[in-house]
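Shown next, in structure tokens, is the structure this report addresses.
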Amino acid sequence: MLNFMNKFLIIFILFFSHFAANAQDVDKLKSALQSAGFEQVIVLPVSLLDDGRLYLIGIEHRGINNPAEVLILANSISTSMGFLHTKFTLFYKGQVIHQSEFNNGTIVSSNLSDTYSRDFYQKFSPRNYRLNTFIDPEIQIRFGNFINPIQSKTSLFIGSDIVLARGFSLFTGIAIPIQNDLDSESNNVKLGSSYFDYFTQFLTNHYAQLSAGMFYDDRYGVDLEYRYFPNHANLSVGLRYAKTGFYYFPENAVFFESKFENLYLINFEYLFPKDRINVSLEFGQFLNKDTGLKLLFIKQYKNIEVGFFSTVTQTGRTAGFNFMVPLIPGKIIRTRNFEFRTNDSFRWEYSYSNEGEIGRDFNAKKSLRNTLRRFNSNLYNRY
Amino acid sequence: MLFMSGNVFSQTNFFGKPGLVRIPKPSFNEDRDNVLFNFSYMPREYSVNNFMNRRSEELFYSLNLRPINWLSVNLVITRPIDVPRIGIGDRHLDFQFYVLNQKRYGINLSMILSPTLDASFIDHNSVFISREIKLSKTLSFEPVFGYGLKANYRKRTKSMRYEDDGYQWIKKSKFGNYYLSGFFGGISINAKDKVFFSAEYDTQYINLSSSVTLFKKLNLKAMYLDFTQLTGQVSYTIFLDKSLKRNVKFHE
Numbered sequence: 000m001l002n003f004m005n006k007f008l009i010i011f012i013l014f015f016s017h018f019a020a021n022a023q024d025v026d027k028l029k030s031a032l033q034s035a036g037f038e039q040v041i042v043l044p045v046s047l048l049d050d051g052r053l054y055l056i057g058i059e060h061r062g063i064n065n066p067a068e069v070l071i072l073a074n075s076i077s078t079s080m081g082f083l084h085t086k087f088t089l090f091y092k093g094q095v096i097h098q099s100e101f102n103n104g105t106i107v108s109s110n111l112s113d114t115y116s117r118d119f120y121q122k123f124s125p126r127n128y129r130l131n132t133f134i135d136p137e138i139q140i141r142f143g144n145f146i147n148p149i150q151s152k153t154s155l156f157i158g159s160d161i162v163l164a165r166g167f168s169l170f171t172g173i174a175i176p177i178q179n180d181l182d183s184e185s186n187n188v189k190l191g192s193s194y195f196d197y198f199t200q201f202l203t204n205h206y207a208q209l210s211a212g213m214f215y216d217d218r219y220g221v222d223l224e225y226r227y228f229p230n231h232a233n234l235s236v237g238l239r240y241a242k243t244g245f246y247y248f249p250e251n252a253v254f255f256e257s258k259f260e261n262l263y264l265i266n267f268e269y270l271f272p273k274d275r276i277n278v279s280l281e282f283g284q285f286l287n288k289d290t291g292l293k294l295l296f297i298k299q300y301k302n303i304e305v306g307f308f309s310t311v312t313q314t315g316r317t318a319g320f321n322f323m324v325p326l327i328p329g330k331i332i333r334t335r336n337f338e339f340r341t342n343d344s345f346r347w348e349y350s351y352s353n354e355g356e357i358g359r360d361f362n363a364k365k366s367l368r369n370t371l372r373r374f375n376s377n378l379y380n381r382y
Numbered sequence: 000m001l002f003m004s005g006n007v008f009s010q011t012n013f014f015g016k017p018g019l020v021r022i023p024k025p026s027f028n029e030d031r032d033n034v035l036f037n038f039s040y041m042p043r044e045y046s047v048n049n050f051m052n053r054r055s056e057e058l059f060y061s062l063n064l065r066p067i068n069w070l071s072v073n074l075v076i077t078r079p080i081d082v083p084r085i086g087i088g089d090r091h092l093d094f095q096f097y098v099l100n101q102k103r104y105g106i107n108l109s110m111i112l113s114p115t116l117d118a119s120f121i122d123h124n125s126v127f128i129s130r131e132i133k134l135s136k137t138l139s140f141e142p143v144f145g146y147g148l149k150a151n152y153r154k155r156t157k158s159m160r161y162e163d164d165g166y167q168w169i170k171k172s173k174f175g176n177y178y179l180s181g182f183f184g185g186i187s188i189n190a191k192d193k194v195f196f197s198a199e200y201d202t203q204y205i206n207l208s209s210s211v212t213l214f215k216k217l218n219l220k221a222m223y224l225d226f227t228q229l230t231g232q233v234s235y236t237i238f239l240d241k242s243l244k245r246n247v248k249f250h251e
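In order, the protein sequences belong to chains G and F.
Each residue of the first sequence is one higher than the last, beginning at 0 in numbering that gives the first Met the number 0.
Each residue of the second sequence is one higher than the last, beginning at 0 in numbering that gives the first Met the number 0.
Laid out in structure tokens, this is it:
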């Protein structure tokens with residue numbers, strides 16, 4: 000009897016000490032994740048298991064361009080702090096992408112149920128984001144002029160994607176010109192690309208992005224992109240429609256061309272997970288009313304993408320390559336409410352032909368297609 | 000899988016492809032998560048590109064990437080030093096297909112195909128075989144043998160003063176391109192995957208080279224062409240599938 004009482008007492012004490020420690024531990028975990036660069040950290044205690052509690056943890060990390068590495072980092076922090084049963088939900092601008100858990104070292108992902116999405120959304124707050132400022136060089140080069148073979152224009156973009164509400168953000172910044180022997184744009188510090196952007200997964204696996212403002216590549220207007228991007232499939236399909244005009248900055252002024260152009264594109268992309276290669280076929284009307292198609296092969300490395308493309312349009316044909324790399328050193332300053340870093344995904348493209356603009360689009364840096372590609376969970380265990 | 004083979008550096012030719020001095024080799028390197036940047040110099044007498052029969056000292060800037068096990072992509076920019084008004088230079092692209100590998104088939108067999116872009120004067124198409132023979136744990140040698148086509152399928156150029164009469168087989172020598180035209184072969188010696196020696200016949204000359212790899216990334220190479228001219232090459236490898244330290248490290 001005494002034995003039983005002892006056992007009961009021990010269990011009783013353990014139970015309550017566990018419970019008391021809980022709230023404190025969760026706060027510790029949150030601040031550990033935050034100091035590692037995570038934002039919008041939301042921890043939901045769910046059910047009590049035999050050997051601890053299951054936690055659903057919502058996270059977003061804007062300094063790492065590979066979601067698999069985001070998950071690995073979050074998992075290593077939470078296990079080292081004694082959280083053994085966790086499921087991680089990745090956010091993009093506070094919107095749920097999907098849920099992942101670690102099962103004997105492999106990442107298993109699934110769609111998150113609506114109930115839990117709602118729980119996360121109730122706790123969402125724009126104040127859970129830092130002012131996450133990044134520095135990004137913009138380099139345009141035109142090769143091939145006989146006398147001056149490398150004409151270039153370099154400027155430095157310093158800006159931020161400021162999340163105002165769930166999925167809704169203002170992307171803005173300044174552009175500091177460094178050097179220009181390419182065109183006649185002024186050498187003053189000017190407004191960088193600035194636009195409002197709304198991102199949503201409006202139905203399971205159906206994503207949309209609506210942007211309006213002044214974009215990269217000297218286009219202003221509206222840009223609407225839809226993508227069917229199933230969590231476990233290799234094929235994804237996208238549609239894009241944009242109505243834009245040309246803008247540029249002459250001396251002490253900004254010039255908006257009043258003529259608007261339509262762009263509509265259909266895109267099929269298939270992932271070969273074993274080789275981590277995406278084959279993408281895009282066709283429709285590009286800028287300059289140029290209809291045609293573009294075939295693109297993208298190899299996905301851990302933090303780098305390398306692509307080779309070939310374009311055939313009314314205007315002509317061209318080929319080239321593009322890449323995406325994270326810039327060093329990464330984080331420069333990080334405090335509770337502020338972060339200053341280099342861009343986690345700097346993109347650049349080289350096209351063989353520079354006679355006329357063949358199959359040109361704009362704002363590829365922030366396109367839905369490029370954002371979602373890395374979130375394909377079939378890739379997570381392949382790096 | 001990525002680090003199993005220890006990021007072994009393979010000997011490259013002056014184009015930055017797996018190879019000896021100037022000829023390529025078909026060896027199947029297990030590592031493929033890397034990109035190689037290469038810079039080399041060819042003196043006037045041994046120029047390769049010849050830019051429409053305009054001989055000059057030539058600088059080669061190239062990049063080699065192997066996105067799939069059986070395919071590598073090679074980009075080469077030739078900058079002839081003394082040829083004015085050429086813009087960025089000659090831009091060349093080719094693919095190397097690793098068709099057979101020694102592990103499964105006893106020999107290595109590769110093909111290099113240059114797609115017809117009508118842009119470059121160093122387009123070449125060839126097929127070649129090799130077999131690596133281990134002498135000891137750290138020393139091996141590899142005979143290579145191959146054949147390169149003497150003609151390219153392309154359009155005639157304007158400066159040949161012909162009408163545009165479409166794509167056709169044209170002798171490479173008409174463009175001053177003598178690179179890999181006919182039978183070639185050589186032997187590569189590999190010591191500890193760090194020091195390499197090569198001797199070869201490249202369809203024109205007999206060449207020798209020796210190179211050393213430092214820090215697993217930097218390769219310095221001296222080439223002795225035709226037993227008369229000494230020249231050099233530098234290449235640097237970047238491993239693309241490594242985690243950035245900042246992404247996996249954390250402090251409590």
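All C-beta atoms in this analysis are idealised placements derived from N, C-alpha and C, irrespective of residue type, glycine included.
These numbers come from a predicted model, not from an experiment.
By the neighbour-count definition (other C-beta atoms within 10 Å, threshold 16), G62(G) is a buried residue. Among the CB atoms of chain F, one or more fall inside 9 Å of the CB of K298(G). Proximity of chain G to P66(F) at the Cβ level (cut-off 8 Å) is accounted for by D274, I276, F296, K298 and V305, in chain order. Burial check for S77(G): the Cβ neighbour count within 10 Å reaches 16 or more, so the residue is buried. If you look at P114(F), you'll find it isn't in any beta strand (DSSP E); DSSP assigns it neither H nor E.
Against K241(F), the close residues of chain G are K301, in the order they occur along the chain (beta-carbon pairs closer than 8 Å).
With fewer than 16 other CB atoms across the displayed protein chains lying within 10 angstroms of its CB, S183(G) is exposed.
Inclusion of F226(F) and S208(F) in the CB contact set at 9 Å is not warranted, their separation being larger than that value.
Contacts between I149(G) and chain F, judged by CB atoms closer than 8 Å, involve I87 in chain order.
Beta-bridge partners of A211(G) (DSSP): F195(G) and V221(G).
Under the rule that a run must span 3 or more residues, the beta strand (DSSP E) segments found entirely inside the stretch 22-58 of chain F read 33-41.
The DSSP-derived three-state label of K16(F) is coil. Less than 9 Å divides the Cβ of V236(G) from the Cβ of I265(G). Counting other Cβ atoms within 10 Å of its Cβ, V95(G) reaches 16 or more and is therefore classed as buried. Membership of A318(G) in the beta strand (DSSP E) is indicated by the continuous run R316 to V324. When secondary structure is reduced to three states using DSSP, T203(G) falls in the coil class, being assigned neither helix nor strand.
Every unbroken stretch of the beta strand (DSSP E) spanning 3 or more residues and falling wholly within the stretch 245-329 of chain G is given here in chain order: 260-271, 276-284, 290-299, 304-312 and 316-324.
Cβ-Cβ separation between T312(G) and T290(G): approximately 6 Å, consistent with a contact (criterion under 8 Å). Close to chain G, meaning a Cβ-Cβ distance shorter than 8 Å, are the following residues of the stretch 52-77 of chain F: L64, P66, I67, N68, V72 and L74. Taking I357(G) as the centre and dropping the five residues before and after it, the same chain places the C-beta of T310, T312, T314, G315 and T317 closer than 6 Å to its C-beta, in chain order. Proximity of L116(F) to chain G, defined by a Cβ-Cβ separation below 9 Å, is satisfied. Using a 10 angstroms sphere on the CB of G145(F), the tally of other CB atoms reaches 16 or more, which defines it as buried.
Here P23(F) is buried: its Cβ has 16 or more other Cβ atoms, across all protein chains shown, within 10 Å.
In this structure, F182(F) is the residue among K215(F), K191(F) and F182(F) with its C-alpha nearest to the C-alpha of D201(F).
Scanning the stretch 37-74 of chain G for uninterrupted beta strand (DSSP E) segments of 3 residues or longer gives 38-48 and 51-59, listed from N- to C-terminal end.
For D122(F), no Cβ of chain G is located within less than 9 Å of the residue's own Cβ.
Residues of chain F with a Cβ closer than 7 Å to the Cβ of P325(G) are, in chain order, L243.
Sixteen is the threshold: when 16 or more other Cβ atoms of the shown chains lie within 10 Å of the Cβ of S376(G), as they do, the residue is buried.
Judged by DSSP in its simplified three-state form, Q121(G) adopts helix. For D32(F), the neighbours in chain G by C-beta distance under 9 Å run, in chain order, Y300 and K301. The residues N233, N277 and N375, in chain order, have a CB closer than 6 Å to that of L270(G) in the same chain once the five nearest residues on each side in sequence are set aside. C-alpha of T115(F) to C-alpha of Y152(F): approximately 7 Å in a straight line. Listed in chain order, the beta strand (DSSP E) runs fully inside the stretch 79-123 of chain G are 84-91, 94-102 and 105-109, counting runs of at least 3 residues.
DSSP, reduced to helix, strand and coil, places A232(G) outside both helices and strands of the structure shown, so it counts as coil. By the CB criterion at 9 Å, G283(G) and E260(G) fall outside the cutoff. C-alpha of N186(G) to C-alpha of K364(G): approximately 23 Å in a straight line.
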